[in-house]
Every structure is written in C-alpha cells, then in structure tokens.
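Right, one structure below, let's go through it.
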Amino acid sequence: MDDEEADLREQIFHNNVREQIIFLLLFILLYLFSFMLIEKFRRRDSEDYFTADEEEVKVYRISLWLCTFALAVSLGSALLLPVSIVSNEVLILYPNSYYVKWLNSSLIQVNGFPWV
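Residue 499 is where the sequence shown starts when you use our numbering, and the numbers rise one by one after that.
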C-alpha cells in the first residue's frame with residue numbers, strides 16, 4: 499500500500515511540474531511575441547527624449563515591461579478558447595498517440611491556465 503501511495507504522489511508531482519513547465523514556456527513565447535509586436539509599433543524617435551535623464555529611462559523601461567506583460571496576458575486569454583477546442587479535438591482523434599499524450603484534461607480545462 500505504501501508503494502502505491504508513493505507512486506501516486508510521485509505521478510501527481512511529475513504531472514504538476516510538467517504542466518508548470520508547459521505554462522512557463524507558453525507564457526515566454528507570448529511575452530516575446532508581445533515584445534516584438536510593441537517594438538514594431540513603437541516610435542523610434544522616443545529614445546532621443548529619454549537619453550538625458552536616467553530616471554526617465556527607468557520609467558520608460560518599466561512601462562514597456564508592464565505593457566508587454568499585459569499584452570501577453572491578454573493574448574493568452576484570447577487564445578484560450580481556440581487552443582482548448584483544438585487540443586480537445588486532437589485528443590479525440592488520436593487517443594493513443596505517443597505525441598499527444600502530454601495533452602491531458604488538466605491542460606485543456608479553462609481553470610488550468612494560470613493567467614485566467
């Protein structure tokens with residue numbers, strides 16, 4: 499009985515670690531995409547105004563980081579429904595495939611995503 503309980507606890511732990519790693523990688527991708535999108539539309543002449551004062555540069559960088567974070571969270575929330583539908587359909591089509599085993603119900607559920 500102790501071995502079964504230990505195996506179950508280890509499996510729960512490994513599933514939790516795997517899910518957190520997937521969420522982290524997904525958020526890093528969303529953050530990088532958001533940063534590239536903001537950089538594309540950012541004014542190029544704004545750097546000339548902030549080079550004189552060090553405090554203005556810090557405020558500008560912090561605001562850029564906050565805007566990038568907010569855009570990444572917004573994109574993740576907007577993509578939540580399409581990703582859930584597609585991953586659920588993939589699981590239904592290929593239930594025994596080795597390549598889609600990492601898609602389980604806890605990754606698909608709406609409350610499984612940390613940014614919602």
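For each residue, glycine too, the CB sits at the ideal point set by N, CA and C.
With respect to residue 528, residue 562 sits apart: the two C-beta atoms are not nearer than 7 Å.
Between residue 569 and residue 536 a beta carbon distance of about 7 Å is seen, short of the 8 Å cut, so the two are scored as contacting. Only residues of its own chain outside the window of five on either side were considered, and among them none has a CB closer than 6 Å to the CB of residue 514.
Straight-line measurement puts the Cα of residue 579 at about 11 Å from the Cα of residue 586.
Pairing residue 598 with residue 588 gives a Cβ-Cβ distance under 7 Å. For residue 580, the enclosing alpha helix (DSSP H) stretches over residues 578-591.
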